[in-house]
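Just so you know, the working numbering puts the end of the sequence shown at 980, numbered straight through with nothing missing. Here a beta-carbon is modelled for each residue, glycine too, at the ideal position from N, C-alpha and C.
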Amino acid sequence: MLPDEIISEILSPALKVPDHLFSDSSDVSPFATYSVSSSAYLSVCKDWLRVATPLLYHVVVLRSKSQANALEKVLRRSPEFGLFIRKLRVEGGYGPAMLTILKASPNVKDLFVSFSIWSSDSTVGLCSGLPLLNPKRVILHEPCLSKRPLQNKHLDALRKTLSSCIQKWDSLEIFSFPYGYRLRHHSWGNRAREVIDWLVRSSSIRTIQLPMELELWIPSHIVSLTRIPSLKAIEIMHPVCRELAAVLDAEPKFKALVRYTLVEDPVDDDGAITISGPDITPSLNPFYVPLASVSEETRNVIWQRILFFALDVAERRDRSSTFDTLSSYLSILAVSKFVHDLALPYLYDTVNITVRNAVLIAKQLEERPGLGSSIRVIYMPYKIIPRDFMAPILAAATNLQSILPRKPDYLGDGVDLTVFEALAIHTGSSLRELRTALRTNEISASLFAPFTELRVLEIRTDAGSVKTASKHLSSSNGLNLLHTLHIRGWLTDVLDAIKGFRLDALRTLTLSEFGESPSSLINFIKVHGEKLAHLQVPQFRTGGLNKTVVLDYCPNLVELEFRGEYDAIQMAPQTKHNSLKKLMFWKLPSSVTELDLPKFPALQEIQLSGLTWPTSEREINKSSCVAIAESVLLKRGIKFADSTGKYWAPRVKSARERKG
Numbered sequence: 321m322l323p324d325e326i327i328s329e330i331l332s333p334a335l336k337v338p339d340h341l342f343s344d345s346s347d348v349s350p351f352a353t354y355s356v357s358s359s360a361y362l363s364v365c366k367d368w369l370r371v372a373t374p375l376l377y378h379v380v381v382l383r384s385k386s387q388a389n390a391l392e393k394v395l396r397r398s399p400e401f402g403l404f405i406r407k408l409r410v411e412g413g414y415g416p417a418m419l420t421i422l423k424a425s426p427n428v429k430d431l432f433v434s435f436s437i438w439s440s441d442s443t444v445g446l447c448s449g450l451p452l453l454n455p456k457r458v459i460l461h462e463p464c465l466s467k468r469p470l471q472n473k474h475l476d477a478l479r480k481t482l483s484s485c486i487q488k489w490d491s492l493e494i495f496s497f498p499y500g501y502r503l504r505h506h507s508w509g510n511r512a513r514e515v516i517d518w519l520v521r522s523s524s525i526r527t528i529q530l531p532m533e534l535e536l537w538i539p540s541h542i543v544s545l546t547r548i549p550s551l552k553a554i555e556i557m558h559p560v561c562r563e564l565a566a567v568l569d570a571e572p573k574f575k576a577l578v579r580y581t582l583v584e585d586p587v588d589d590d591g592a593i594t595i596s597g598p599d600i601t602p603s604l605n606p607f608y609v610p611l612a613s614v615s616e617e618t619r620n621v622i623w624q625r626i627l628f629f630a631l632d633v634a635e636r637r638d639r640s641s642t643f644d645t646l647s648s649y650l651s652i653l654a655v656s657k658f659v660h661d662l663a664l665p666y667l668y669d670t671v672n673i674t675v676r677n678a679v680l681i682a683k684q685l686e687e688r689p690g691l692g693s694s695i696r697v698i699y700m701p702y703k704i705i706p707r708d709f710m711a712p713i714l715a716a717a718t719n720l721q722s723i724l725p726r727k728p729d730y731l732g733d734g735v736d737l738t739v740f741e742a743l744a745i746h747t748g749s750s751l752r753e754l755r756t757a758l759r760t761n762e763i764s765a766s767l768f769a770p771f772t773e774l775r776v777l778e779i780r781t782d783a784g785s786v787k788t789a790s791k792h793l794s795s796s797n798g799l800n801l802l803h804t805l806h807i808r809g810w811l812t813d814v815l816d817a818i819k820g821f822r823l824d825a826l827r828t829l830t831l832s833e834f835g836e837s838p839s840s841l842i843n844f845i846k847v848h849g850e851k852l853a854h855l856q857v858p859q860f861r862t863g864g865l866n867k868t869v870v871l872d873y874c875p876n877l878v879e880l881e882f883r884g885e886y887d888a889i890q891m892a893p894q895t896k897h898n899s900l901k902k903l904m905f906w907k908l909p910s911s912v913t914e915l916d917l918p919k920f921p922a923l924q925e926i927q928l929s930g931l932t933w934p935t936s937e938r939e940i941n942k943s944s945c946v947a948i949a950e951s952v953l954l955k956r957g958i959k960f961a962d963s964t965g966k967y968w969a970p971r972v973k974s975a976r977e978r979k980g
């Protein structure tokens with residue numbers, strides 16, 4: 321058995337709410353995103369329950385009336401729990417329950433109060449309970465999203481109560497002031513000056529905190545904060561630039577009070593990133609030769625592995641990584657001829673081609689053709705490279721594995737037909753990933769036949785016609801390892817061109833958000849639909865899929881996405897679809913009963929790309945998607961996700977709400 325002190329140290333990090341989250345006064349609460357309740361730790365065992373209860377109640381965050389009612393019941397039954405509460409964040413009014421909560425929480429030192437109070441949100445309990453507290457810090461929250469601040473009787477009552485309390489709270493030393501620059505109407509300025517008048521009547525406030533980011537000028541209402549008689553400091557919570565610091569220091573009333581930190585400059589005076597390297601002691605033997613006692617073969621293998629990491633080979637292959645320019649690696653090549661010969665192929669592993677350097681790279685490969693076999697990845701520029709330079713590079717790159725655009729979501733101008741043909745001839749037997757645009761008026765199936773190792777193809781073409789496919793494509797090994805196919809742009813002629821290949825490994829087919837005509841897709845899935853596990857269907861410019869139900873031709877689909885609106889015909893396959901696990905739409909039908917869920921027994925998730933989950937109690941109560949998620953989908957065990965992939969999870973509800 322562990323002593324309570326050790327258990328407390330173990331559980332504290334898991335139950336702790338960081339102060340920067342508790343005091344966050346952003347427009348969207350940091351607690352709006354659902355996460356598993358930390359109270360789950362209390363159910364592990366009795367020892368954890370005993371030790372963790374005070375830790376759990378140390379910081380209390382209330383985001384709904386149901387949560388407030390639940391806490392009220394707990395404190396009525398066990399009022400001693402209220403003595404543990406040190407920080408209380410109340411993001412609404414939450415009715416009479418707040419009086420019981422505040423009565424039971426005399427030790428609250430940090431109080432978060434929100435003026436985001438709507439007419440349906442009663443503040444009667446909050447107004448009655450606030451005078452019972454005497455906090456050290458008050459964080460006032462009022463999002464300035466609307467043109468004018470909210471006005472209703474419940475908010476007016478809360479403002480009146482808080483005004484009185486600020487004058488009486490003799491322990492109040494720190495106040496977080498929420499009004500900055502985003503005051504879109506003069507009524508916001510009036511609200512800010514009203515709060516300042518409250519603060520001026522306080523005799524205990526020592527510090528004003530400004531949580532908002534400041535611009536290069538100081539609003540008059542912020543200058544008015546200096547009228548507070550007991551004020552010792554105005555803290556700017558966000559780091560400020562040197563220009564703003566000069567403005568702050570130039571204001572006489574501010575200079576003596578303002579406290580801030582400067583934004584750290586990431587670079588030194590000469591523009592280079594400052595990195596402190598380790599102190600390396602000079603060698604005592606300048607004639608020492610590393611690995612001199614091992615064989616040449618072993619020495620080369622070891623040094624090649626060292627240089628692989630020193631030259632960031634893996635990082636340079638990854639588009640998501642940032643790495644130094646090639647010039648920064650040249651010093652390594654200058655160490656010795658031995659290191660130069662081993663390192664040079666690694667520099668050519670990943671080639672970033674530009675319009676300017678294409679001619680130089682082509683010339684280098686012509687002079688030293690052996691280096692071409694070291695090229696594994698080529699990054700293409702946005703603009704097209706002249707064929708006179710691009711063709712020699714591809715001819716030398718006999719082991720090329722990937723051709724990628726510089727930006728993942730932009731294929732650029734791509735390559736013309738002659739360069740694509742050279743690519744197929746010279747790299748077709750090695751290329752595994754190809755992402756490019758093909759500039760041609762006519763596309764032929766024979767263009768893709770040499771690509772026997774290709775796994776991923778992302779392509780955009782402006783071809784207006786397709787040459788008649790050869791009858792022998794089905795016996796070809798071309799594209800036989802292709803598992804992922806992305807078609808970009810309006811035209812889908814590529815589907816017609818490659819339809820005759822076997823495509824035994826194909827599992828994923830995605831098309832752009834919009835397409836010209838559905839005929840190519842329809843003909844393609846009639847041939848290869850059984851192989852697909854993932855399919856993305858665009859919104860077509862000239863009509864939809866008509867009566868062609870995708871699911872009837874794709875019985876093994878696991879994931880299906882429609883980039884357009886819900887199509888009832890597509891959700892009515894002739895028989896049950898036993899493989900589909902995930903559906904994606906832009907939005908659901910007006911009536912969820914239109915979605916025949918019994919036809920999809922394996923369905924686990926529905927995602928709406930046009931949905932973002934509401935974050936406040938008022939928005940949640942108004943959301944039809946929340947109602948659908950809780951009343952229909954979750955009861956069937958189907959998860960419901962928004963555009964970010966976040967699943968909806970039911971919040972705490974009262975008994976009346978659960979029955980309803």
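Restricting to Cα atoms, I'd like to know which of the options is closest to residue i.
| i | options | result |
| --- | --- | --- |
| S943 | E533, Y730, P970 and E563 | P970 |
| P728 | S693, S764, N800 and H806 | H806 |
| D430 | G692, F844, C561 and W489 | W489 |
| I926 | P934, V952, E937 and T935 | V952 |
| E778 | N876, S540, G732 and D916 | G732 |
| D347 | P463, K366 and R370 | P463 |
| P451 | R468, T481, S524 and F497 | T481 |
| K385 | Y361, L915, R370 and E411 | E411 |
| Q289 | Q487, S491, S507 and L460 | For residue 289 there is no data in the structure shown, the boundaries of the chain being 321 and 980. |
Kindly indicate which three-state DSSP category residue i falls into: helix, strand or coil?
| i | result |
| --- | --- |
| Y649 | helix |
| S440 | coil |
| N620 | helix |
| S434 | strand |
| R406 | coil |
| Y414 | coil |
| L534 | coil |
| Q387 | helix |
| L306 | Since the first and last residues shown for the chain are 321 and 980, residue 306 lies out of range. |
| I926 | strand |
| K867 | coil |
| I486 | helix |
| R707 | helix |
| K473 | helix |
Please report the straight-line C-alpha distance between residue i and residue j, rounded to a whole angstrom.
| i | j | result |
| --- | --- | --- |
| R759 | Y649 | 36 Å |
| G413 | T373 | 26 Å |
| E444 | D339 | In the sequence as displayed, the identity of residue 444 is Val instead of Glu. Each residue's Cα considered, the two are about 28 Å apart. |
| I652 | R775 | 35 Å |
| L475 | S436 | 8 Å |
| D590 | L767 | Confidence is the limiting factor: at D590 the pLDDT is only 41, short of 50, which leaves the residue's position unreliable, though a coordinate-based value still follows. Roughly 50 Å between the two C-alpha positions. |
| A742 | W933 | 49 Å |
| A744 | A630 | 33 Å |
| P399 | I405 | 11 Å |
| V381 | L335 | 13 Å |
| R978 | K456 | Note that R978 scores a pLDDT of 49, beneath 50, so its modelled location is shaky; the value from the coordinates is reported in the next line. Using only the alpha carbons, I get a separation of about 38 Å. |
| P875 | T420 | 58 Å |
| W623 | E616 | 11 Å |
| L577 | V543 | 11 Å |
| A757 | G820 | 21 Å |
| D824 | H803 | 8 Å |
| V869 | P838 | 12 Å |
| K896 | F905 | 20 Å |
In chain order, what residues of the same chain lie with their CB nearer than 7 Å to the CB of residue i, ignoring the 5 residues before and after it?
| i | result |
| --- | --- |
| N620 | L662 |
| N720 | Per the sequence presented here, residue 720 reads as Leu, with Asn not at that position. Correct list, in chain order: I695, R696, I698, T747, S750 and L751. |
| N672 | Y699 |
| G597 | At G597 the pLDDT is 48, less than 50, meaning the model places this residue with poor confidence; the figure from the coordinates comes in the next sentence. Same-chain partners within the cutoff: there are none. |
Which residues does DSSP list as the beta-bridge partners of residue i?
| i | result |
| --- | --- |
| P725 | M700 |
| E879 | H854 and K902 |
| N672 | Y699 |
Which same chain residues, not among the five before or five after residue i, have their C-beta less than 8 Å away from its C-beta?
| i | result |
| --- | --- |
| R526 | E493, I494, S550, L551, K552 and A553 |
| V567 | L536, W537 and I538 |
Keeping to the same chain, check which residues put their C-beta closer than 6 Å to that of residue i; ignore five residues upstream and five downstream.
| i | result |
| --- | --- |
| I556 | L530 and Y580 |
| R547 | V520 |
| N797 | T772 |
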